[in-house]
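To start, the structure under review is shown below, and the notes come after it.
There are 2 protein chains.
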Amino acid sequence: MPDKSDTPEQGRPVEQGRPAAQAQATEQGQPRRRQARGERRIVQLLEAAASVFCTTGYTAASTNAIAREAGVSPGTLYQFFPNKEAIAIELGDRLMHEMRETYGAALAPVDPTTPLEDAVGAAVDRFIAFNCDHPVFFALMHGPDIPGRITEEHDALHATLLARIEDLLSSFLPDVAPADLSRTAHMCLGLYKAGLELVLGHEDAERAAYVQELKNALIRYLAPLVGDRLGRPATPAP
Amino acid sequence: MPDKSDTPEQGRPVEQGRPAAQAQATEQGQPRRRQARGERRIVQLLEAAASVFCTTGYTAASTNAIAREAGVSPGTLYQFFPNKEAIAIELGDRLMHEMRETYGAALAPVDPTTPLEDAVGAAVDRFIAFNCDHPVFFALMHGPDIPGRITEEHDALHATLLARIEDLLSSFLPDVAPADLSRTAHMCLGLYKAGLELVLGHEDAERAAYVQELKNALIRYLAPLVGDRLGRPATPAP
DNA sequence: GAGAAACGCGAGCGATGTCTCGTGTTTGTC
DNA sequence: GACAAACACGAGACATCGCTCGCGTTTCTC
Numbered sequence: 559m560p561d562k563s564d565t566p567e568q569g570r571p572v573e574q575g576r577p578a579a580q581a582q583a584t585e586q587g588q589p590r591r592r593q594a595r596g597e598r599r600i601v602q603l604l605e606a607a608a609s610v611f612c613t614t615g616y617t618a619a620s621t622n623a624i625a626r627e628a629g630v631s632p633g634t635l636y637q638f639f640p641n642k643e644a645i646a647i648e649l650g651d652r653l654m655h656e657m658r659e660t661y662g663a664a665l666a667p668v669d670p671t672t673p674l675e676d677a678v679g680a681a682v683d684r685f686i687a688f689n690c691d692h693p694v695f696f697a698l699m700h701g702p703d704i705p706g707r708i709t710e711e712h713d714a715l716h717a718t719l720l721a722r723i724e725d726l727l728s729s730f731l732p733d734v735a736p737a738d739l740s741r742t743a744h745m746c747l748g749l750y751k752a753g754l755e756l757v758l759g760h761e762d763a764e765r766a767a768y769v770q771e772l773k774n775a776l777i778r779y780l781a782p783l784v785g786d787r788l789g790r791p792a793t794p795a796p
Numbered sequence: 559m560p561d562k563s564d565t566p567e568q569g570r571p572v573e574q575g576r577p578a579a580q581a582q583a584t585e586q587g588q589p590r591r592r593q594a595r596g597e598r599r600i601v602q603l604l605e606a607a608a609s610v611f612c613t614t615g616y617t618a619a620s621t622n623a624i625a626r627e628a629g630v631s632p633g634t635l636y637q638f639f640p641n642k643e644a645i646a647i648e649l650g651d652r653l654m655h656e657m658r659e660t661y662g663a664a665l666a667p668v669d670p671t672t673p674l675e676d677a678v679g680a681a682v683d684r685f686i687a688f689n690c691d692h693p694v695f696f697a698l699m700h701g702p703d704i705p706g707r708i709t710e711e712h713d714a715l716h717a718t719l720l721a722r723i724e725d726l727l728s729s730f731l732p733d734v735a736p737a738d739l740s741r742t743a744h745m746c747l748g749l750y751k752a753g754l755e756l757v758l759g760h761e762d763a764e765r766a767a768y769v770q771e772l773k774n775a776l777i778r779y780l781a782p783l784v785g786d787r788l789g790r791p792a793t794p795a796p
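Line order of the protein sequences matches chains A and B.
Counting along the first sequence from 1, when you hit position 154 you're at 712 in my numbering, and nothing is skipped either side.
Counting along the second sequence from 1, when you hit position 215 you're at 773 in my numbering, and nothing is skipped either side.
Here you go:
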């Protein structure tokens, strides 16, 4: 850790003003050496940000409010994040990381013998569970007011998800034109989002009922396409 | 606490077809007597607001930008609307009014012999057409950042729509528990919104294809519930 | 224990946005 | 034509928000 006298601008772009801590290692000269206390503050701030984003949305959320929610001063917040956007980015990154594990386990294994109902049911259950555990995710991914960089991440996740869904679908629909397959995948994701909104808007028994309805909608939408591979014939529910 | 005139609600006579866009009365007494010029300015400002809301969303839209888009000064804008929210409210009102005619014609007539496919197809076509003609509607109704009063209007429309859908559904599903019927209606509206987003995101042929997919999703979701009344059997497409 | 760096604070700067005010112009009515 | 009310303007008052600065405190390291 080279300390070049007391002038902090020595190793940094002058325009940058303050060091602007990076949580993870990026290129950019020397990242800041965080202490345990700092790491704790970061997750604390991230949790506060999640809470505020959830209730007010991204644009309406003020950094002062986030700092207050976290019980620190505005200045402290900016020791760990260069700007407001970076907070959302970092939050999105961590969420995305956790998400990858979730949907990796949810969509990846395409056992060629699993019936459609089970595959859809399992995937939906996992995604719903994740979104219920992390309501911020929905808030961040649904806001039409999100600035540039976050949208990129959103698009990246979106694309990854769609690719996975297409993969999964293609195992059920071997001979469908790519364009149709892509459209079907988009529809599935859209239907899921619609169902998710309803699920998040209710609780307990109603929530469970909506989860079931969402599965029904997806299965019935896909059933006519798959032909066989239905597990059991998609008879109308009793 | 600026602005004393933002108060609960200024007595709004709601005359017949009059959209009622009166601005501030000096003291909550009687509305202002508008001239033809003023009425013209109002629709001009509303159109400008629609355009700005569409491209930037509600919160990010500045009143100055709306005034500039309309080619008038900020002061002029405030001659006709007490505040920014009122612009969105009035815009929502007029949209809603037009919407009522559209979906009144789209959902009201429940000919007991129409097959499910046709009923859904017709309703979807009308709604999609309306939303394509008025993209603001989607923007205003979907923003997570919309302040209080607008949400009320949104909820009102939502409730009205749901009631209509339930009506329509109940003619197809005579003996279903009310709770289940309501849930099904919510799902239908949710599925429609999801499809709408995809439809608005594409053009021409792709857009038409998504419209068809939306109809498919709705019909297939509902088909197992109706039993007969299918018009033609919902055979899977090849 | 001493020095450096990370951490923490909170007043406040600059930019931006909503809305007002004083004034001048147009329109409707007599 | 005269008068009032509606219309129009645009500078700026007032608030808010993102973010910074200077300085004090805690923690790490030797």
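Yeah, the Cβ is synthetic: ideal placement off N, Cα and C, and Gly gets one too.
Between B:T718, B:A743, B:H716, which has its C-alpha nearest S729 of chain B's C-alpha?
B:A743
What three-state label does DSSP hand G785 of chain B in the structure shown?
coil
Short of 7 Å Cβ to Cβ, which residues in the segment 749-762 of chain A face chain B?
L749, K751, A752, G753, E755, L756
Can you find the residues in the same chain that come closer than 6 Å, C-beta to C-beta, to I645 of chain A, ignoring five residues on each side of it along the sequence?
A607, F639
What would DSSP say about R523 of chain A, mapped onto helix, strand or coil?
Outside the displayed span of chain A (559 to 796) sits residue 523 of chain A, for which this structure offers no information.
L731 of chain B (DSSP reduced to helix, strand or coil)
coil
Spatial neighbours of L754 of chain A within its chain, please: CB distance less than 8 Å, with the 5 preceding and 5 following residues excluded, ordered by chain position.
F685, I686, N689, F696, L772
For H744 of chain A, return the contacting residues in chain B, with the cut-off set at a CB-CB distance below 7 Å.
L756
Would you tell me roughly how many angstroms separate the C-alpha atoms of S631 of chain A and I704 of chain B, rounded to the nearest one?
28 Å
Quick one: which chain B residues come within Cβ less than 8 Å of E771 of chain A?
R741, T742, M745
For chain A, is any of its Cβ atoms less than 8 Å away from the one on A775 of chain B?
yes
As assigned by DSSP and simplified to three states, the class of R707 of chain A:
helix
Is there at least one Cβ from chain B nearer than 8 Å to A607 of chain A's Cβ?
no
In chain order, which alpha helix (DSSP H) runs of at least 4 residues are fully inside the segment 597-642 of chain B?
621-628, 632-638
Under three-state DSSP, which class holds R790 of chain A?
With a pLDDT of only 48 at R790 of chain A, under the threshold of 50, the placement of this residue in the model should not be trusted; the figure read from the coordinates follows. DSSP places R790 of chain A in coil when its eight states are reduced to three.
Given this structure, state the Cα-to-Cα distance separating P782 of chain A from L727 of chain A, to the nearest angstrom.
13 Å
Rounded Cβ spacing between L749 of chain B and A775 of chain A (contact assumed at less than 8 Å)
6 Å
Look at V797 of chain A and C612 of chain A and say whether their C-beta atoms are less than 8 Å apart.
Nothing can be reported for residue 797 of chain A: it is not among the residues displayed for chain A, which extend from 559 to 796.
Please determine, among A:Y661, A:L653, A:E648, A:V678, the residue with the shortest C-alpha to C-alpha distance to L780 of chain A.
A:V678
Quick check on V769 of chain A: buried or exposed, where buried means 16 or more other Cβ atoms within 10 Å of its Cβ?
buried
Alpha-carbon to alpha-carbon, R778 of chain A and P791 of chain B:
Confidence is the limiting factor: at P791 of chain B the pLDDT is only 45, short of 50, which leaves the residue's position unreliable, though a coordinate-based value still follows. Approximately 15 Å, taken between the alpha carbons.
Hey, quick one: how far does the alpha helix (DSSP H) through H700 of chain A stretch, first residue to last?
693-700
Check R592 of chain B in the structure and name its three-state DSSP category.
coil
Cβ-based neighbour list, Q602 of chain B, same chain, cut-off 6 Å, excluding 5 preceding and 5 following
A628
Less than 8 Å between CB atoms is the rule here; does R590 of chain B satisfy it with respect to chain A?
no
Other residues of its chain near L731 of chain A: CB distance less than 7 Å, five sequence neighbours each side excluded
L739, L783, V784
Cutoff 8 Å; reference L649 of chain A; Cβ partners in own chain excluding five residues on either side
L604, A607, A608, F611, V694, L698
For chain A, is any of its Cβ atoms less than 8 Å away from the one on R765 of chain B?
no
With 16 other Cβ atoms within 10 Å as the buried cut-off, status of G662 of chain B:
exposed
Can you tell which of B:H760, B:K642, B:D762 has the C-alpha that lies nearest to the C-alpha of G706 of chain B?
B:K642
May I have the straight-line CA-CA distance separating R658 of chain B from H760 of chain A, to the nearest angstrom?
28 Å
DSSP three-state call for H760 of chain A: helix, strand or coil?
coil
With 16 other Cβ atoms within 10 Å as the buried cut-off, status of G633 of chain B:
exposed
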